[in-house]
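One structure is given here, and the rest of the page talks about it.
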Amino acid sequence: MSRSIVALLLATTGLAGGIAACSESKSEPVPSHPTTAAAPPSSGVPSHAKVESKPDAGRAAPTPAPPPEPVTYDGPLIGALFGQTPIMSDMEWPKKEEDKRKDKDKGAVRIGYIRQGQKVPVLPEPHPKSNCKDGWYELVQGGFVCGRYASLDLNHPKIKHAPHPPDLDAALPYQYGYNVANGTPLYRTLPSREERVRLEPWLAPKPKRPKPVEVDDESTASYGDDLDAGIPLTLARATTTITATTTDPFGLGADEVENTTPWYLRQYDGGKPTVTLDELKGEGPVARRMVKGFFVGLDKEMSEKGSKWWRTTNSLIAPFERILVHTTASKFHGVWLDDAEGGEAASATGKKPTPDLCKPGSKAQVAIVTYYKAKKYVVSVSRKVVTGGDSLPRHSVVKLTGDSVSINGATYNETDEGWWIKASEVAKTNPGRPPKELAPGEKWIDVDLTSQTLVAFVGDKPVFATAVSTGKEDKVDREKNHKTPTGTWRIREKHIAATMDGDVASDGPYSIEDVPWIMYFNGSYALHGAFWHNNFGRTRSHGCVNLAPLDAKALFGWSEPRMPDNWHGVWSTPEKPGTLVVVHE
C-alpha cells in the first residue's frame, strides 16, 4: 500500500529544550533533554496555514506557498510503542550534564518523538549496541529510534490498539472532555463493579435513615444531672481525647472528620480543592484523580462490564457520566494579508487603500472586534457627527485605512469598506520593529501585550494578523501575576499536542491534556491553541500566548522548525533554527 511522505531525506537532526508549565506533563519518562543539537530533518508537514473559513469582515488573503508535492513511499514502516518514543540524532542517549561540560563532543541529542501507534518510514536493519540491545533503527526522514521503544511489527498490540492519531485536517487534533466533578478517577484498566464502588463512593447506595429513638424521662433527667446547661462546652468535653486546634477551637473533632474524609468528598463552597498534582496520583487501578475543570483528550467511547466509558488519548479510562464532551471551541481566526493592499488592488475591489498595512509605525492596521455590542458607524462629511449603524459581530476582522477622527471624546477609525469603527471596541495591531538578528526574508512573529494582537512577518512584509490572549497581570498580588515576559526568542520545540498542568497558588491545580499546536519559545512559555475559552483580544492565560485553534494551527504549519510527517514533536537546532518570536508592550 502506498503512503504519502512529504520529503524523504537522510539528514540527521538535533535539538534542545526542556518543557515546563504553561507546563507540559510528560506521558512517560524519556531520555533527558539536551541543550545542543545537530541538524533536523527538512521534511515538512502538510501546511496548516490555510484558514478554513473567511473572517466575518475583511477579505482573507492567499495563503503562503503550498508544501512540495508528496511522493509515494512503499517501503517498511516502524511504529511507536510509547506515548513519546524518542528520536535521537545518533545511536546514543544524551550525555549527562556534567559530562557535557567536560567534553567538547556534546553527543547525541533528542530531535523529536513519535507518539504511540504512529508509523514512520524506516531502514529496517537493526544496529544493536550496548545502550540499545534491541537495536537502533535509522529513520528515512532522519534520526534514530531504539527498538525498545518501537517495532517493525505493525500488529504489535501497543501499535494495533493505540489511541487514534491526531486529525491534522481539523481545527483541533483531538476531541476533548471536561471533568464535571472532583475526584473522577482515571483507571489504568477497566475496574470490576466492586472496585468501582470502593473507588467511587458516590456510586454506593445511600444508607437508610435510622428511625428516631424515643428517650424516656429517666434518661433525660440523669443526663441533666450530669451536665448542667451552664457548663461551658469545652469543660463538658474535657474528658475526651480530642483537643482544641486553631481550626477547631472548641475541640469538637472537626479536624479528625476532615482528615479522614477524602479531599474529593469534602465541600469547598464553590472553590477549588487545596490539593496538589502530586496528591492526585492514584494507586492500584487508579492512575490519578481529577479536579473539577480538568480536561482530557478523548480517544473513543466504550461499553464494557455494563457501563459506559471514555478511553483517553493517554490510554486511560474515565467513567462516561463524569465527562462532558467539549463542543464550544472558538471559530474565530485572523486574516492572511494580501500581497498588495493599496492603489490599483484596492480600486479593483471598490475598497479604500490600506498602504503599509500592519507594518511597524503605520497607521493602517488590522482591527479585531472585542466588544459584544460593537457597531458600524457613519461619520458625517463635516467629521463632527457620528451615527451608529448595523451591529458588528464580536471577533470580526477589519482593515483600517489609517484615517481617524475624534468626536465627543471618542476615537473612530475608518475601515477599507468606508464605514468607521469605534477604537474602544476593537483590538488594533501594533507591531514593533524587526529584531536585530533577523536575516533577510526570515520569518518572525510579533506579539503586542498592550493591544493583545499578533502579526506574523516574512522579513519586513506582514503576512498574517490576529488577536491573542496573553498572561493576566496583577500588580498587587504577586501570586496572581501571570504577565507574559517581554523579549526576543526563537521557537525551541513544537508539539502537535501535549498535556499542560501546574499547581497555581492562587487558582489551585489545573490540567489540560493534549493542548493543541504548541510552540515553546521561552522556557515554559509557548504559543498554543486554546479551545477552552473565546476571549481573544483580552488577557487570560497563566503566561502563555493563547491563540484560537484555527490561528494556532495556521502558525504551527507556517513556523519553523517544520514537523516531519507522522512525528508528534520536533525540536529546532542551530542549523535549522526556530522562528523568531518578539514579545513587547
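For the sequence shown, numbering that gives the first Met the number 0 assigns the number 0 to the initial residue and increments by one for each residue that follows. Beta carbons are placed, not taken as given, at the ideal position from N, Cα and C, and that holds for glycine.
A contact between stretches requires three or more CB pairs, one per stretch, nearer than 8 Å, and the region 108-115 meets this requirement with the region 557-575.
In the structure shown, Ala422 adopts helical secondary structure according to DSSP, grouped into three states. The way I'd put it, the region 297-313 doesn't touch the region 541-556; fewer than three beta-carbon pairs between them come closer than 8 Å. The residues Val378, Arg382, Lys383, Val384, Val385, in chain order, have a CB closer than 8 Å to that of Ile406 in the same chain once the five nearest residues on each side in sequence are set aside.
The region 574-584 makes contact with the region 443-450, as at least three CB pairs between them are under 8 Å.
Separation of the CB atoms of Thr410 and Ser403 is rounded to 6 Å, and the pair is thereby assigned contact status at 8 Å.
Arg187 and Ile316 have their C-alpha atoms some 6 Å from each other.
At a cut-off of 3 residues, the continuous stretches assigned as beta strand (DSSP E) that sit fully inside the region 104-164 are 109-113, 118-128, 131-138, 143-145. Contact between Val334 and Gly486 fails: their C-beta atoms lie close to 27 Å from each other, not under 8 Å. Under the rule that a run must span 4 or more residues, no alpha helix (DSSP H) segment is found entirely inside the region 280-313.
Annotation: Val380 to Gly470 spans about 42 Å, alpha carbon to alpha carbon. Contact annotation: the region 450-465 touches the region 347-358, with at least three C-beta pairs closer than 8 Å. Here the alpha carbons of Asn533 and Lys552 stand approximately 16 Å from one another. Check the Cα spacing between Gly106 and each of Met90, His155, Val121: the tightest is with Met90.
In the same chain as Val462, and ignoring 5 residues on each side of it, the C-beta atoms closer than 6 Å to its own belong to Leu336, Ala455, in chain order. In the DSSP annotation of this structure, Gly82 is not part of any alpha helix (DSSP H), being labelled neither H nor E. Burial check for Ser540: the Cβ neighbour count within 10 Å reaches 16 or more, so the residue is buried. Taking all protein chains in view, the Cβ of Leu80 is crowded by 16 or more other Cβ atoms within 10 Å, so the residue is classified as buried.
Bounds of any alpha helix (DSSP H) do not take in Pro318; it lies within the beta strand (DSSP E) bounded by 316-318.
Within the model, the alpha-carbon separation for Pro433 versus Thr452 is close to 16 Å.
Within the region 482-543, the beta strand (DSSP E) runs of at least 3 residues that lie entirely inside it are, in chain order, 486-489, 492-503, 507-521, 524-528.
Secondary structure at Thr71: strand, using DSSP grouped into helix, strand and coil.
Ranking Glu436, Leu448, Gly283, Gly536 by CA distance to the CA of Trp488 puts Glu436 first. Taking a C-beta distance under 7 Å as the contact criterion, Thr84 and Ala161 do not qualify as a contact pair. In this structure, Leu323 sits near Tyr177, with a CB-CB distance shorter than 7 Å.
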